[in-house]
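Protein sequence lines, in the order shown, are assigned to chains A and B. If you're matching positions, the first sequence starts at 786 in my numbering and goes up one per residue. If you're matching positions, the second sequence starts at 11 in my numbering and goes up one per residue. Single-structure report; data block below.
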Amino acid sequence: MKKSNLAAGAEQQYFQRFGPQFRIQHGFLFSSTIGLIITGIPLWCLGRPEYGWSQDVVAFFGSVEIIRFVHRVCAAVLVLVSVYHLLYTFLTREGRREFIALLPRVKDVADVTRNSLYFLGLSKQRPRFGRYAYYEKFDYWAVYWGCVIMIGTGLTLWFPGIAEKIVPWLAYELAAEVHADEAVLATLALLVWHFYNVHFNPSRFPGTLLWWHGRISREEMLHDHPLEYEKLMARKSQTAKPG
Amino acid sequence: MLGDESDGSRAHPIHLIPLMTEEGEKVSSDDDPLLPFSTGKTCGACHSYSTVTKGWHFNAGIAGLGIEAHGRVGQPWILADARTGIQVPISYRPWPGAFRPEQVGLSRLLFLKIFGRHIPGGGIGEQPGEEPSQIMRSMVSGKLEANCMSCHDADPGHNQAEYAAQVVRENFRWAAAATCSFATVTGSAKDMPDTYDAMMPEPPDDPKLVAPAIAYRAGAFDGEKRVLLNIERESAANRCYFCHSNMYIDGNDAEKWSSDEDIHLTAGLTCVDCHRNGIDHNIIRGYEGEADVSKNPLAASSSCRGCHLPDEDESAGAPTAGRLGAPIPEHRGIPPVHLEKLTCTACHSGPWPGEKTYLAKTSRAHRLGTVGVNKSAEALPHVLAPVFARQGDGKIAPHKLVWPAFWADMKDANLAPIGFDAVRQTVGKVMARHELPASGDWPAVSDENIVEALKALAAEQKIQGKAVYISGGSLYSLNGSGQLERKMDHPAAQPYMWPIAHDVRPAAQALGSRKCEDCHSPDAPFFFGRVSVDTPVQSRAGASMIMNELIGASRPTYAGVSWFFKWLIVVIMALLILHILGDLFRRFVSKVTANKPAGTGAGKPGDERKQ
C-alpha cells in the first residue's frame, strides 16, 4: 500500500487505506477463488450419486473436461497471484511494511480477550485496533494457509507423475482428500466470515467498495483503526511543523 | 506329421476320416463290441498327439515342466465341502497358495471324478494310478485322453455337458466320443468290477447295472468306414465358454441377457484371435510379461498392450499395435503413472466394482453348464470379485479371490492339510448335527463346533503336531487349556487370488473414463471397497476387510487426515460463527440501551459499529 494518505473530501474526510498493488492482487485473488469454487464443487460432487445436480452443471459447461480446464485456469491465476504476492512481500518496501503489520502479536491475543468480554457485556470498551485488527490478520493468514494447502495438493492432483517423484509421501488420495477438506473450510470461511465482515455486517450492508477504491472514511478509521488514525495524525502534525 | 504343418491354405480343412479305437483299429458300425473312438489314435493319425498334449490345457500334471509351462497364477480347482467347512484351492501347477491334490488327500482318480468334468483330458487324465487298485480301475475306465473335440468340434450338436456326465460315471474311455452328435454312450464304468474288460465285455451280475457302451448314429459311417467330423482349426467362442464362463451375483451382468459381451467379441473377434497357439498348443494366455516367462515371442504382441499400445522400440520390425483394428488409446488426461502401476485390466476388465465384492461363479468352480448344477447364488465355493490387489509384478490388477478353509496338521509353523477322507470321517461326524442349507451355502459353525472337531481330529487321526482349522483368514487352534485361539497372520490363511482378464469393457466404461474419483475418492471401491471375509464360522459372519489392505495403500494416514480436517472445520467455523453472533448480540444490546432514557445506557456512541 502507498503511504496512508489523507484525502480531503468536500464533506467527508477519507484515508487511502489500500493502494493499487494490494487491490489488484485482491481482485485476482477473489475472482480466481470464486471461479475455483464454482468449478470445484461440481467436480467434487460428480463422483457422488447423491449430487445428481452436478451433471446439470457439467451439461451447462459442456463437459467435464471444460470444467476441469476452467478450474485449472483459475488455479493457475491463483498460483501466479500467490507467487506475485510473495515477491511483492519480500521485494518491495510497501510489501514488507504490510507483512510486518500483519504479523500476529501479543496484543492480538489480548484484543481477542477484550473483544470477547465486550461482546458479553463484561466490558464497556471495545479494544482499540491498529492498522490491522486481529480478525483481519486472521483473514490474511487463513488465505496464506489455504493457498499453501490448496496449491500444494492441487498441483499433486494436476501432475501426479511429477508429484510422486518429488513428494512420494503425498499419495493422490491423500492430496484429493486434503484438497476437498480445505476447499470446504475455505469456502465456508469465505461465505460466512469474510462475507459477514464486508457485506452482511449491519453497518456495511450491502457491502463496502473499499476493495475497489481503497479508501476508508474518517469515521470508519476512528472506529475500526483508532491507533492507526492517531499514528497518521501524529505523523501529519510532525510533517506540518516547519523544520 | 501331415496335419502339423500348414500348406498355407486358409480354407477350412475337411475331416472325412476313419475313427480309430485306442487299439489302433478302425471303428465300424458293425463292430462287436462297438468301441469309442480314441482321439489319440484318430486325431493323432495326422497330428502329433504327444506334442499337443504338452500344451497349456493338458500339461498341468506333467512332472518336470519348468515355470515357463505354468506361468502367472491362475484359477485353481477348488475342493469345497459344506459339511466339513472345506474350501481349498488345489492345482497340479506350482502356484503359490494352491495345494497339490495329493496334499489334500485326492488321488488321481478322485481328482478326475470331481474336476475332470472341465478338464479337456490329456496330462493327468492319461497317467496311470500309483496303487494297484487305481491301476485296475484305470483299466476299467480307460484313459481320459485329450478331448480334441472339446475345442475343435464345430458341430452344433456337440454336447460338452455329456463329457462331464461320462466323467462322473468314470467312463473316461467313452467321454470324448460321447460329446459328438453322432454317438451315444450309456452305462457306467464306475459300477463295473475291477476285472471288467471293455474289449471283451461281459454282462454285469447285477441286472440293474449297465456296462458302458457306445452307439453310433445310423449313417454316420460311409462305405469306407469314414466319418465326416466338422472340425475347425480356430475354435468358436462357444467351445471356450463351457470351461471359461463367469457369472457375477449382484453385479450388473448376473444374467447373460442383462449384460454386454466382452468388447472384443462384440467387435467381431473370437477368443482365439488373441489366445493363439500353434501345434504345440501352448496357447497364449495374454497377460503382460508372459513372453518373458513362456519364451513365446508371439505372446508379447498378443497382450492388451501388444495390440493397443505402440511399440516403444520402433526398430523392432513391423508394428503390432493396431492389429485386428485395435484402437490406439490416447489416454488423454490420464497421468502416465497409471500405465506403469496398473494393468490394463484394472480399469477395463471385470465387473464394475461396487461398495462390496460380489459373489462370482465360474464354470470350473461351480460346474456351470453341467447337468444338475446348483444354480443358487450361495452355492460353494464362494469366489469373490472384483478384488483389486497387487499381482506378482507389483501392478494392481482386478482379481477373483477365494478364502481357503481347511483342517490341517501344524508342526512348528508348517501346515499340512489333513486328507479329505479323514476330515469327512472325523469332522463330518462332529458337524453332522448341522442341517446343510439347501442353497449349498455354509452351515453356521460355532466356536464350540471347531473346538470339538479339533479335539476329535487330535484323538482319531494321526496328527504329528497340532490340529488346526484355517478359515476366513484366521487360524484356529486349541491352547494348552483347551481354549480356542484365533490368529490372523498365518500365511496359509491368506486369500488365494487370480487375475481377472474378461469381460473387457469398452473405453467409455473404463474406470476413470468420466472422472478421477472413480478410484480417487474416499469411498471409491477401487481402494476402499469392502472384501467380504468368507467363512462358515458364525462368530466371523459379516466380517470384511478394506481393499487397500490388499493393494498396500495408506488408509490410516488418509483416515487420520480426514478426521483432522473435519474437526478443524467444525472448530474454526464454530468459533467464527460465535464471533459473529457475539458481534450481533452486542449491536443489539447497544441499540436497545441507546434507545433508553439518558443515563441508563452502557456503551459509548459508535460502539455498535462493525467489528
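Cβ atoms here follow ideal geometry from the backbone N, Cα and C, with glycine treated the same way. Bear in mind that the values here come from a model prediction, so they are computed numbers and not experimental data.
Simplified DSSP state of A/LEU791, which is helix, strand or coil: On the first sequence, position 6 is the one that residue 791 of chain A refers to. At A/LEU791, the pLDDT of 49 sits below 50, so the modelled position is not reliable; the number obtained from the coordinates is stated separately. Residue state, collapsed to three classes: strand.
Can you tell me the Cα-Cα spacing of B/VAL461 and B/LEU446, whole angstroms? Taking the second sequence and counting its residues from 1, one reaches residue 461 of chain B at position 451. Taking the second sequence and counting its residues from 1, one reaches residue 446 of chain B at position 436. Taking the straight line joining both Cα atoms gives about 20 Å.
In whole angstroms, give me the CA-to-CA distance for A/ARG911 and A/TYR919. Walking along the first sequence from the start, residue 911 of chain A turns up at place 126. Walking along the first sequence from the start, residue 919 of chain A turns up at place 134. Near 13 Å, if we compare the C-alpha coordinates of A/TYR919 and A/ARG911.
Under 9 Å, Cβ to Cβ, is there at least one residue of chain B near A/PRO953? To locate residue 953 of chain A, count along the first sequence from 1; it is residue 168. Chain B contact via Cβ: absent.
Residues in the segment 577-592 of chain B having any Cβ partner in chain A nearer than 8 Å: LEU578, ILE579, ILE582, MET583, LEU586, ILE587, HIS589, ILE590 and GLY592
Taking 9 Å as the threshold (beta carbon to beta carbon), is A/GLU1015 in contact with chain B? Stepping through the first sequence from its first residue, residue 1015 of chain A is reached at position 230. Not one chain B Cβ lies under 9 Å of A/GLU1015.
Helix, strand or coil for B/ASN489? Go by DSSP, reduced to three states. Taking the first residue of the second sequence as position 1, residue 489 of chain B is located at position 479. Reduced to three states, the DSSP call for B/ASN489 is coil.
Should B/ILE259 and B/ALA370 be called a contact, given that it needs their Cβ atoms to be closer than 9 Å? Start at 1 with the first residue of the second sequence, and residue 259 of chain B comes out as number 249. Start at 1 with the first residue of the second sequence, and residue 370 of chain B comes out as number 360. Yes, the pair counts as a contact, with Cβ atoms nearer than the cut-off.
Let me confirm a value: B/GLY278 is counted as buried when at least 16 other C-beta atoms fall within 10 Å, else exposed. Which label applies? Numbered from 1 along the second sequence, position 268 holds the residue referred to as residue 278 of chain B. Label assigned to B/GLY278: exposed.
Backbone secondary structure at B/MET30 - three-state DSSP: Taking the first residue of the second sequence as 1, we reach residue 30 of chain B at position 20. B/MET30 falls in the strand class under three-state DSSP.
Return the first residue and the last residue of the beta strand (DSSP E) that B/ILE224 is part of. Within the second sequence, residue 224 of chain B is the residue found at index 214, counting from 1. That run of the beta strand (DSSP E) goes 223-226.
Spatial distance of B/TYR506 from B/TRP413 (CA atoms): Locating residue 506 of chain B in the second sequence gives position 496, counting from the first residue. Locating residue 413 of chain B in the second sequence gives position 403, counting from the first residue. Between B/TYR506 and B/TRP413, the C-alpha separation is close to 6 Å.
B/ASN248 - partner residues in DSSP beta bridges: Working through the second sequence from its first residue, we reach residue 248 of chain B at position 238. BP columns for B/ASN248 are empty, so no partner.
Taking B/LYS525 as the query, report the chain A residues whose CB atoms sit under 8 Å from its CB, ordered along the chain. Walking along the second sequence from the start, residue 525 of chain B turns up at place 515. The contacting residues are LEU828, LEU831, GLY832 and VAL849.
Taking only the alpha-carbon atoms, compute the straight-line gap between B/GLY81 and B/LEU116 and give it to the nearest angstrom. By one-based count along the second sequence, residue 81 of chain B stands at place 71. By one-based count along the second sequence, residue 116 of chain B stands at place 106. If I take the Cα positions, the gap works out to 24 Å.
Counting only beta-carbon atoms, is A/LEU959 nearer than 9 Å to chain B? Stepping through the first sequence from its first residue, residue 959 of chain A is reached at position 174. At least one chain B Cβ lies under 9 Å of A/LEU959.
Output, in sequence order along the chain, the residues in the segment 876-906 of chain A whose CB is closer than 8 Å to any CB in chain B. ASN900, SER901, TYR903, PHE904, LEU905 and GLY906
Nearer than 8 Å: is that true of the beta carbon of B/ARG540 relative to any heavy atom of the ligand ZN? Ligands in the displayed structure: none, and consequently the ligand ZN is not present.
Would you verify that the beta carbon of A/LEU973 is, or is not, closer than 9 Å to some beta carbon of chain B? Within the first sequence, numbered from 1, the residue matching residue 973 of chain A stands at position 188. Closer than 9 Å to some Cβ of chain B, the Cβ of A/LEU973 qualifies, so yes.
Comparing alpha-carbon positions, which option in A/ALA861, A/ARG802 and A/GLU850 lies nearest B/CYS526? As a position in the second sequence, residue 526 of chain B is number 516, starting the count at 1. Selected option, being the one with the closest Cα: A/GLU850.
Neighbouring residues, chain A, relative to B/PRO345 (Cβ below 8 Å): One-based indexing of the second sequence puts residue 345 of chain B at position 335. In chain order: PHE944, PRO945 and GLY946.
Below 8 Å on the Cβ atoms is my guess for B/GLU388 versus B/GLY438; work out the distance and round it to an integer in Å. Taking the first residue of the second sequence as position 1, residue 388 of chain B is located at position 378. Taking the first residue of the second sequence as position 1, residue 438 of chain B is located at position 428. Incorrect: roughly 20 Å between the Cβ atoms, too far for contact.
Roughly how many whole angstroms lie between the Cα atoms of B/ALA193 and B/ASP40? Reading the second sequence from its first residue, position 183 is the one you call residue 193 of chain B. Reading the second sequence from its first residue, position 30 is the one you call residue 40 of chain B. Near 14 Å, if we compare the C-alpha coordinates of B/ASP40 and B/ALA193.
For the segment 112-146 of chain B, enumerate the residues whose C-beta is nearer than 7 Å to any C-beta of chain A, in chain order. none
Give the secondary structure of A/ILE851 by DSSP, where H, G and I count as helix, E and B as strand, and everything else as coil. In the first sequence, the residue the question calls residue 851 of chain A occupies position 66. A/ILE851: helix per DSSP, three-state reduction.
Give me the Cβ distance between B/SER481 and B/GLY107, rounded to the nearest whole Å; I'm assuming they're in contact under 8 Å. Position 471 of the second sequence, counting from 1, holds the residue named residue 481 of chain B. Position 97 of the second sequence, counting from 1, holds the residue named residue 107 of chain B. At roughly 15 Å, the Cβ-Cβ gap does not stay under 8 Å, so B/SER481 and B/GLY107 are not in contact.
Three-way DSSP call (helix, strand, coil) for B/ASN157 in this model: In the second sequence, the residue the question calls residue 157 of chain B occupies position 147. DSSP places B/ASN157 in coil when its eight states are reduced to three.
Name the DSSP bridge partner or partners of B/VAL455? Here the question's residue 455 of chain B lines up with position 445 in the second sequence. DSSP output for B/VAL455 lists B/VAL547 as bridge partner(s).
Would you check if the distance between the CB atom of B/ILE273 and the CB atom of B/THR353 is smaller than 9 Å? Stepping through the second sequence from its first residue, residue 273 of chain B is reached at position 263. Stepping through the second sequence from its first residue, residue 353 of chain B is reached at position 343. No, the pair does not count as a contact, with Cβ atoms beyond the cut-off.
What does a CB cutoff of less than 8 Å around A/TRP926 pick up in its chain, not counting 5 residues either side in sequence? By one-based count along the first sequence, residue 926 of chain A stands at place 141. Result list for A/TRP926: LEU887 and PRO889, in chain order.
B/ASP14, buried or exposed, once every other Cβ within 10 Å from all chains shown has been counted against 16: Within the second sequence, numbered from 1, the residue matching residue 14 of chain B stands at position 4. The residue is exposed, with fewer than 16 neighbouring Cβ atoms inside 10 Å.
Could you tell me which chain B residues have their CB closer than 9 Å to the CB of A/ASP966, listed as they occur along the chain? If you number the first sequence from 1, residue 966 of chain A lands on position 181. VAL571, SER572, PHE574, PHE575, LYS576, LEU578 and ILE579, listed in chain order.
Closer than 6 Å by C-beta to A/VAL855: which residues in its own chain qualify, once you throw out the five before and the five after it? Chain order, please. What you label residue 855 of chain A is simply residue 70 of the first sequence in a count that begins at 1. Hits under 6 Å: THR824.
The beta strand (DSSP E) with B/ARG400 in it runs from where to where? In the second sequence, counting from the first residue as 1, residue 400 of chain B sits at position 390. B/ARG400 -> beta strand (DSSP E) spans 393-400.
Please list, in chain order, all residues of the same chain as B/ARG179 whose beta carbon is under 6 Å from its beta carbon, the five residues on each side excluded. Counting from one through the second sequence, the residue named residue 179 of chain B turns up at place 169. Here the set comprises SER198 and LYS200.
Can you give the Cα-Cα distance for B/LEU521 and B/PRO408, rounded to whole angstroms? In the second sequence, the residue the question calls residue 521 of chain B occupies position 511. In the second sequence, the residue the question calls residue 408 of chain B occupies position 398. Cα-Cα distance, rounded: 12 Å.
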